[in-house]
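Residue numbers (the working numbering): 282 to 673.
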């Protein structure tokens, strides 16, 4: 039987990176003591008032079709929160609600780029970006980053890669996996490039609420950038709602209209009870949010401190997010071999950085998704594994 060419375009080089996670799950099912640090799924429960709002909505009968762009109450709430936080003037007509940031990135790409187009993406990049852009028939043009610049993309490197087929930039700040956050100066320089070359900016801000150093800037708030920026966010990380599948795009009204048409063809609306719960999540003063952010920061500090003491390892202290990159090149092993040996011999699963691009070859990514006690045990196991290696 024949399949469409799409099936090949959506298989990015990084997709195989997840294999180690499934192997770790299989080992756990066999009774092995395995600490899973591969996937960025928060270990916290969704705040109680949000859960109760969904229950109340279900009991009230909110189980029918909804507005394909998202119900007005939620879109208005998202617009208000974004406006208060960033200063960008937006309203409900700028917002389209989708099932998670992953679907939002995919939908925006479908509406902005096509065959023959190029999209500049800063390394290290989330492993699905290549498949998302490939699904459109477009091509990812990676922009390498350097450790001495804190793994933040240099606007000069971006400028050097702009060509006649460049249609957009796709940037993630704070970045997954590095946790690097772009400065105001960098955003302003990147905005000038977008204006000079008539480019779209797709900005993935899913970790913006988990920023520990500095202040987040949403580039759509910069002069003349609102009309060419698609800002993507979700509740998955900030509110521990990864399984609820609720995300959104803030975009110029014309693009929002196209996204609504795509949602009509693809989704036909999100469950109303989930949207009603999302309104509560965004509009309530939830003390759990601050507690989660403080706990992630403690976990980051713990992992960086413990692994800093391990010969051959160099943790990269992130500005934000829920991951820590660790440079393991002095161990003499490649990242995948390191991850394989750590899992098989010591029961800790981490992700090889190679999947995120050449800029982080020789690094592994640790997800901060276990409590401090378990993370400390994971670090001790990593130290024991590293002690067996001929550190250079």
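Beta carbons are placed, not taken as given, at the ideal position from N, Cα and C, and that holds for glycine.
Given the structure is predicted, the values throughout are model-derived calculations rather than measurements.
* To do: Could you check which residue in 400, 431, 520 and 418 has the C-alpha nearest to that of residue 424?
  => Working through the chain shown from its first residue, we reach residue 424 at position 143. That would be 400, whose Cα lies nearest to the Cα of residue 424.
* Give the C-beta separation of residue 593 and residue 670 to the nearest angstrom, bearing in mind that I take them to be a contact with Cβ-Cβ under 8 Å. => Here residue 593 refers to the residue found at position 312 of the chain shown. Here residue 670 refers to the residue found at position 389 of the chain shown. That belief holds up - the Cβ atoms of residue 593 and residue 670 are roughly 7 Å apart, short of 8 Å.
* **residue 321 vs residue 456 beta-carbon contact at 9 Å** => One-based indexing of the chain shown puts residue 321 at position 40. One-based indexing of the chain shown puts residue 456 at position 175. No, Cβ-Cβ distance for residue 321 and residue 456 is not below 9 Å.
* **Exposure of residue 480, with buried meaning 16 or more beta-carbon neighbours within 10 Å** => Counted from its first residue, the chain shown places residue 480 at position 199. Per the 10 Å Cβ criterion, buried.
* Write down every uninterrupted run of the alpha helix (DSSP H) in the stretch 333–372 whose length is 4 residues or greater and which is fully enclosed by it, in chain order. => Whole alpha helix (DSSP H) segments, 4+ residues: 353–367.
* Asked: What separation, rounded to the nearest whole angstrom, lies between the Cα atoms of residue 428 and residue 597?
  -> As a working mapping, residue 428 is identified with position 147 in the chain shown. As a working mapping, residue 597 is identified with position 316 in the chain shown. Cα to Cα, the separation comes out at about 9 Å.
* To do: Put residue 447 into one of helix, strand or coil per three-state DSSP.
  => Your numbering for residue 447 matches position 166 in the chain shown. It is a strand residue.
* Asked: Grouping DSSP H, G and I as helix and E and B as strand, with all else coil, what is residue 486?
  -> If you number the chain shown from 1, residue 486 lands on position 205. Here residue 486 sits in coil by DSSP.
* Smallest Cα separation from residue 537: which of 388, 299 and 288? -> For the purposes of this step, residue 537 is taken as residue 256 along the chain shown, with counting starting at 1. Among 388, 299 and 288, the Cα nearest to that of residue 537 is on 388.
* Bridge partners - residue 421, DSSP secondary structure assignment -> Here residue 421 is taken as the residue at index 140 of the chain shown, counted from 1. Its beta-bridge partners are 400.
* To do: Would you tell me roughly how many angstroms separate the C-alpha atoms of residue 330 and residue 561, rounded to the nearest one?
  => The residue you call residue 330 lines up with position 49 of the chain shown. The residue you call residue 561 lines up with position 280 of the chain shown. About 7 Å.
* When the distance is taken between beta carbons, is residue 622 closer than 9 Å to residue 614? -> As a first step, residue 614 is located in the chain shown; it is residue number 333 there, counting from the start. As a first step, residue 622 is located in the chain shown; it is residue number 341 there, counting from the start. Yes. Within cutoff.
* Asked: Who are the near neighbours of residue 359 in its chain, counting only those whose CB is closer than 6 Å to its CB and skipping five residues on each side?
  -> As a first step, residue 359 must be located in the chain shown, where it is residue number 78. Excluding positions up to five away in sequence, the list reads 376 and 529.
* To do: Report yes if the C-beta distance between residue 471 and residue 500 is below 9 Å; otherwise report no.
  => Here residue 471 refers to the residue found at position 190 of the chain shown. Here residue 500 refers to the residue found at position 219 of the chain shown. In contact: residue 471 and residue 500 (Cβ atoms closer than 9 Å).
* Alpha-carbon spacing of residue 512 relative to residue 311, whole angstroms -> On the chain shown, residue 512 is found 231 positions in, with the first residue counted as 1. On the chain shown, residue 311 is found 30 positions in, with the first residue counted as 1. Taking the straight line from one Cα to the other gives about 42 Å.
* residue 495 versus residue 357 - alpha carbon distance -> By one-based count along the chain shown, residue 495 stands at place 214. By one-based count along the chain shown, residue 357 stands at place 76. If you take the alpha carbons of residue 495 and residue 357, they lie about 28 Å apart.
* Write down the C-beta distance between residue 416 and residue 452 rounded to the nearest angstrom, noting that I regard them as a contact closer than 8 Å. => Sequence index remark: in the chain shown, residue 416 carries index 135 (1-based). Sequence index remark: in the chain shown, residue 452 carries index 171 (1-based). The Cβ separation is near 19 Å, so there is no contact.
* **Cβ separation of residue 381 and residue 464, assumed to be a contact under 8 Å, to the nearest whole Å** => As a position in the chain shown, residue 381 is number 100, starting the count at 1. As a position in the chain shown, residue 464 is number 183, starting the count at 1. Wrong, their Cβ atoms sit about 28 Å apart, outside the cutoff.
* Could you tell me if residue 282 is buried or exposed, where buried requires 16 or more neighbouring beta carbons within 10 angstroms of its beta carbon? => Counted from its first residue, the chain shown places residue 282 at position 1. So residue 282 ends up on the exposed side.
* Asked: When the distance is taken between beta carbons, is residue 636 closer than 9 Å to residue 604?
  -> Numbered from 1 along the chain shown, position 323 holds the residue referred to as residue 604. Numbered from 1 along the chain shown, position 355 holds the residue referred to as residue 636. It is not a contact, given that the beta carbons lie outside the stated cut-off.
* Are residue 580 and residue 653 closer than 9 Å when you measure CB to CB? -> For this step, residue 580 is matched to residue 299 along the chain shown. For this step, residue 653 is matched to residue 372 along the chain shown. Result yes, Cβ atoms of residue 580 and residue 653 sit closer than 9 Å.
* To do: Would you mind stating whether residue 386 and residue 483 have Cβ atoms separated by less than 9 Å?
  => Against the chain shown, residue 386 aligns to sequence position 105. Against the chain shown, residue 483 aligns to sequence position 202. For residue 386 and residue 483, yes; Cβs fall inside 9 Å.
* What are the boundary residues of the alpha helix (DSSP H) that includes residue 539? -> Position 258 of the chain shown, counting from 1, holds the residue named residue 539. Start and end: 534–547.
* Asked: Going by other Cβ atoms of all chains shown within 10 Å of its Cβ, with 16 needed for buried, is residue 344 buried or exposed?
  -> Reading the chain shown from its first residue, position 63 is the one you call residue 344. It counts as exposed.
* Rounded to the nearest angstrom, how far is the Cβ of residue 394 from that of residue 449, given a contact under 8 Å? -> Position 113 of the chain shown, counting from 1, holds the residue named residue 394. Position 168 of the chain shown, counting from 1, holds the residue named residue 449. Right, their Cβ atoms sit about 6 Å apart.
* To do: Excluding the 5 residues preceding and the 5 following residue 555 in the sequence, name in chain order all residues of the same chain whose CB lies nearer than 7 Å to its CB.
  => Position 274 of the chain shown, counted from the start, is the residue given in the question as residue 555. Here the set comprises 335, 525 and 527.
* Asked: Going straight from the alpha carbon of residue 477 to that of residue 506, what length do you get?
  -> Taking the first residue of the chain shown as 1, we reach residue 477 at position 196. Taking the first residue of the chain shown as 1, we reach residue 506 at position 225. Straight-line Cα distance between these residues: approximately 12 Å.
* Among residues of its own chain, excluding the 5 on either side of residue 629, which ones have a beta-carbon nearer than 7 Å to its beta-carbon? -> For the purposes of this step, residue 629 is taken as the residue at position 348 of the chain shown. So the qualifying residues of the chain are 316, 318, 623, 659, 662 and 663.
* Asked: Quick one: Cα of residue 617 to Cα of residue 651, how far?
  -> In the chain shown, counting from the first residue as 1, residue 617 sits at position 336. In the chain shown, counting from the first residue as 1, residue 651 sits at position 370. Looking at the two C-alpha atoms, the distance is approximately 22 Å.
* Distance CB(residue 498)-CB(residue 367) smaller than 9 Å -> The residue labelled residue 498 in the question sits at position 217 within the chain shown. The residue labelled residue 367 in the question sits at position 86 within the chain shown. A contact, by the Cβ cut-off of 9 Å.
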